[in-house]
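See structure below.
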Amino acid sequence: MFAAVGQARLLVVASTAAVVLIIASQFSSQLPPKVVCSFAPALRRIQGIASTLSLPSQHVVTMAGNRAMDTPLLRLRDGNKVPMLAFGTGTAWFKEPEDHDKFDKDLVLMTKAALEAGFRHLDCAEMYDNEAEVGQAIKESGIPREELFITTKVANGIKDVPRAIDESLKKLQLDYVDLYLVHEPWNLHTREDYQNVWRGMEEVKASGKAKSIGVSNFVRKDLEMILNGSPKELPIVNQLEYHPYIQRENDGVPYIPWMQEQGIEVEAFKSLSALARCPEGPLVEPLQRMAKSHNVSDSAVMLRWFLQQNIVAITTTRKKERLQEYAQALTFELTKDEMDEIFTEGKKLFKRFYFPGRYDPDDRS
Ligand SMILES: NC(=O)c1ccc[n+]([C@@H]2O[C@H](COP(=O)([O-])OP(=O)(O)OC[C@H]3O[C@@H](n4cnc5c(N)ncnc54)[C@H](OP(=O)(O)O)[C@@H]3O)[C@@H](O)[C@H]2O)c1
Numbered sequence: 001m002f003a004a005v006g007q008a009r010l011l012v013v014a015s016t017a018a019v020v021l022i023i024a025s026q027f028s029s030q031l032p033p034k035v036v037c038s039f040a041p042a043l044r045r046i047q048g049i050a051s052t053l054s055l056p057s058q059h060v061v062t063m064a065g066n067r068a069m070d071t072p073l074l075r076l077r078d079g080n081k082v083p084m085l086a087f088g089t090g091t092a093w094f095k096e097p098e099d100h101d102k103f104d105k106d107l108v109l110m111t112k113a114a115l116e117a118g119f120r121h122l123d124c125a126e127m128y129d130n131e132a133e134v135g136q137a138i139k140e141s142g143i144p145r146e147e148l149f150i151t152t153k154v155a156n157g158i159k160d161v162p163r164a165i166d167e168s169l170k171k172l173q174l175d176y177v178d179l180y181l182v183h184e185p186w187n188l189h190t191r192e193d194y195q196n197v198w199r200g201m202e203e204v205k206a207s208g209k210a211k212s213i214g215v216s217n218f219v220r221k222d223l224e225m226i227l228n229g230s231p232k233e234l235p236i237v238n239q240l241e242y243h244p245y246i247q248r249e250n251d252g253v254p255y256i257p258w259m260q261e262q263g264i265e266v267e268a269f270k271s272l273s274a275l276a277r278c279p280e281g282p283l284v285e286p287l288q289r290m291a292k293s294h295n296v297s298d299s300a301v302m303l304r305w306f307l308q309q310n311i312v313a314i315t316t317t318r319k320k321e322r323l324q325e326y327a328q329a330l331t332f333e334l335t336k337d338e339m340d341e342i343f344t345e346g347k348k349l350f351k352r353f354y355f356p357g358r359y360d361p362d363d364r365s
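Under UniProt numbering, the first residue of the sequence shown is numbered 1, with each subsequent residue one higher.
Here's what the structure looks like:
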């Protein structure tokens, strides 16, 4: 009898705790960063449980012709939400210095095509030298500003970040960006350099000209330069090269889950490297096999692998038809075995494509 009462009490306490944690996890974006950080691992676990319990997860559904593009939203610690599939305006669209004065009409058309296909997240950068083209495409698309998620990054202007954002906003013809990133750490040498640039980022966020702020291409020691400086705002995102051939771990210590536990979300670029840059690599056959079995493109399989790790996938193309291939990433699920096979096969090859010479070869974070 006493045992039964004891068990019933335990059950009530456990269910109350679970309900409190699930509710807390739903509202974690509204808690102060320090509170969220201390409870981040527990909240994340509960959020995982909540999503498997099918609590409402958020998506943005856009229509292109009669097709819907149903993009999941990743909720950031500051409450903002990022569409998890992004169209990038760098690499394939990067403007060489000799073309600086040329307005790239093709990029305007392709950006509009991406928006028409249903993409709502555009990834730009001051360094790509084509923010004016993206701004023109946004304007011509007629899509309300609040339906878009626009990222840009500062590199050349890091000495005066508030001025750099003004220049970017002017070119983009916008009042604010959704996400502003320090593009790269390579011009930052001392602890003071990191902290000065981060104070500039905080100023930009406080001014409302960027809703969220983060970094890009930061290995763990770079991130720690900021985290150890008692920032007012923590970096909310790290955008970096991540794909099966660079799984970002040092001596078996993985970097991605570490960041996620700190509440720093991950965005992956060079996401399609296994297909676009390694035609002889060990993943070509598995990706094609999985594509066939799910009746989607191989690029969709690759992009899906990121989404199922709660990572934003950034890609690009110069070909309109690819946009539909990419959008298929939102229409199916990889099994656990398929996810694992991509991890396992990927570990057979190590490849860093983005400025490999700038990284310490012993640091694979
Ligand atoms: N933060 C940073 O420092 C940084 C660095 C690099 C990139 N980025 C961002 O990430 C965006 C994406 O660039 P990325 O280079 O990383 O993109 P990616 O997704 O790795 O590669 C895109 C390329 O893959 C090709 N492709 C697509 N499907 C394919 C398939 N099935 N087989 C073979 N090739 C295929 C496309 O070629 P086609 O053009 O012929 O379709 C496209 O140009 C950039 O635009 C930029 O916004 C950021």
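Built from N, CA and C at the ideal position, the CB exists for glycine as well.
Relative to the C-alpha of residue i, which candidate in the options has its C-alpha closest?
| i | options | result |
| --- | --- | --- |
| E96 | I342, N130 and K205 | N130 |
| E116 | Y176, V154, K139 and E98 | K139 |
| K347 | C124, A329 and G281 | G281 |
| Q239 | V82, E341, R145 and D360 | V82 |
| V284 | Y128, S293, N295 and M302 | M302 |
| S359 | G79, P257, E321 and W186 | The residue you asked about is not Ser; residue 359 is Tyr in the sequence shown. Nearest of G79, P257, E321 and W186 to Y359, Cα basis: W186. |
| A206 | V296, A155, L234 and N250 | L234 |
| F274 | H189, L107, K171 and F353 | Note on residue identity: the sequence assigns Ala, not Phe, to residue 274. Of the candidates H189, L107, K171 and F353, the one whose C-alpha sits nearest the C-alpha of A274 is F353. |
| Y128 | P254, H121, T91 and R120 | T91 |
| I264 | L181, N295 and S297 | L181 |
| D175 | D193, C278 and P144 | P144 |
| V215 | E261, L179 and E192 | L179 |
| residue 366 | E192, V197 and T89 | Here the chain comprises residues numbered 1 to 365, so residue 366 is not present and cannot be evaluated. |
| R304 | E261, Q328 and A132 | Q328 |
| residue 378 | V253, L172, A125 and P361 | Absent from the model: residue 378. The displayed extent of the chain is 1 to 365, so no value can be given. |
| A300 | E325, E321 and A276 | E325 |
Using the C-alpha atoms, what's the distance from residue j back to residue i?
| i | j | result |
| --- | --- | --- |
| I226 | Q195 | 6 Å |
| N228 | E203 | 19 Å |
| L330 | N310 | 13 Å |
| R77 | I236 | 7 Å |
| A64 | G118 | 6 Å |
| L109 | D123 | 16 Å |
| S141 | K112 | 6 Å |
| P56 | P72 | Note that P56 scores a pLDDT of 40, beneath 50, so its modelled location is shaky and nothing firm can be said. |
| D99 | D251 | 43 Å |
| F350 | F94 | 25 Å |
| N80 | K319 | 31 Å |
| P356 | E241 | 11 Å |
| G48 | Q308 | With a pLDDT of 40 at G48, under the threshold of 50, the modelled position of this residue cannot be trusted, and the question is left open. |
| H59 | P231 | 31 Å |
| L85 | H121 | 7 Å |
| S297 | M69 | 15 Å |
| A291 | L188 | 42 Å |
| Q247 | D340 | 13 Å |
Can you tell me where the alpha helix (DSSP H) with residue i in it begins and where it stops?
| i | result |
| --- | --- |
| D340 | K336 to G346 |
| N196 | R191 to S207 |
| P286 | V284 to H294 |
| R318 | Premise fails: R318 is in no alpha helix (DSSP H) and is neither H nor E. |
| P257 | Y255 to Q262 |
| K136 | Note on identity: in this sequence residue 136 is Gln, with Lys being the wrong assignment. Note, Q136: alpha helix (DSSP H), E131 to S141. |
| V219 | Here V219 belongs to no alpha helix (DSSP H), and DSSP marks it neither H nor E. |
| F149 | Unbroken run through F149 is the beta strand (DSSP E), F149 to V154; no alpha helix (DSSP H). |
| A164 | V161 to L172 |
| K112 | K105 to A117 |
| A274 | S273 to A276 |
| F306 | D298 to L307 |
In the DSSP assignment, find the beta strand (DSSP E) that holds residue i and state where it starts and stops.
| i | result |
| --- | --- |
| H59 | H59 to A64 |
| R67 | R67 to R75 |
| L181 | V177 to V182 |
| N238 | V237 to E241 |
Please check if any C-beta of chain B sits within less than 8 Å of the C-beta of residue i.
| i | result |
| --- | --- |
| N187 | Of the protein chains in the structure, only one exists, and it is not chain B. |
- Task: Give a yes or no on contact between the segment 210–223 and the segment 333–343, applying the rule of three or more CB pairs nearer than 8 Å.
- Result: Cβ pair count under 8 Å is below three, so no.
- Message: Check whether the segment 151–165 and the segment 195–211 touch, using three or more Cβ-Cβ pairs below 8 Å as the test.
- Response: The segment 151–165 makes contact with the segment 195–211, as at least three CB pairs between them are under 8 Å.
- Message: Does the contact criterion of 3 or more C-beta pairs under 8 Å hold for the segment 314–325 versus the segment 263–273?
- Response: Counting Cβ pairs under 8 Å, three or more are found: they touch.
- Could you tell me whether the segment 97–113 touches the segment 150–162, using the rule of 3 or more Cβ pairs below 8 Å? Taking 8 Å as the limit for Cβ pairs, the verdict is that the segment 150–162 does not touch the segment 97–113.
- Task: Please determine if the segment 284–299 and the segment 247–262 are in contact, where contact requires at least 3 C-beta pairs separated by less than 8 Å.
- Result: Not touching, per the Cβ criterion.
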